[in-house]
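Peer 1: If you scroll down you'll find the structure; I have some questions about it.
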Amino acid sequence: MASNRTISVNTSEHDVLLTARKNHPAVFVDGMFLDGVERVEFTNHYLEKCEVVLTFNDRVETNPFPLNDITLLEKLFGQSSNGQSLRDIVVQTLEDAD
C-alpha cells in the first residue's frame, strides 16, 4: 500500500455524501462514487472552512479512470485542486501520456 493515500476535500468547494449500512459504506464526492474509502474524518474549523479527509485502501484502484489514482483525485477534489473538471483532468492526463 502506498504511504500517502489521503486527500482533504474542502466542503465549501465540493459536496461530500457518506452513507453506510452494516459494513458497506458509500462515499460520493460531487455525485461521483468513490470505492476504496477506508476512513472518513470530518473537521469543522468554525467560520473558516470545513474539510473531509478521505483515506483510501487498495480498492481505490477499482474505480474507473481517473478516479483510480490518488494523484488525480487530489487534482480533482483535494487541496491542489484548481477548479479543473473531470474532463479537463482526463484530457490533460491523456495528452501527458503522448
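Residue 26 is where the sequence shown starts when you use the working numbering, and the numbers rise one by one after that.
Where is the CB? At the ideal position from N, CA and C, for every residue including glycine.
Every value quoted in this text rests on a predicted model; they were computed, and no experiment measured them.
#1: At the level of alpha carbons, what is the spacing between F81 and R64?
#2: Classify F90 as helix, strand or coil using the three-state DSSP reduction.
#3: For N35 versus E99, is the C-beta spacing smaller than 9 Å?
#4: Output the boundary residues of the alpha helix (DSSP H) element that contains T96.
#5: What first and last residue would you give for the beta strand (DSSP E) that runs through A122?
Peer 2: Let's see:
#1: Within the sequence shown, the letter at position 56 stands for residue 81. Within the sequence shown, the letter at position 39 stands for residue 64. Going by the C-alpha atoms only, they are around 7 Å apart.
#2: Numbered from 1 along the sequence shown, position 65 holds the residue referred to as residue 90. The DSSP-derived three-state label of F90 is coil.
#3: Numbered from its first residue, the sequence shown carries residue 35 at position 10. Numbered from its first residue, the sequence shown carries residue 99 at position 74. Taking a C-beta distance under 9 Å as the contact criterion, N35 and E99 do not qualify as a contact pair.
#4: Taking the sequence shown and counting its residues from 1, the one referred to as residue 96 is at position 71. For T96, the enclosing alpha helix (DSSP H) has its first and last residue at 95 to 102.
#5: Start at 1 with the first residue of the sequence shown, and residue 122 comes out as number 97. Counting along the chain, A122 sits inside no beta strand (DSSP E); it lies in the alpha helix (DSSP H) bounded by residues 111 to 122.
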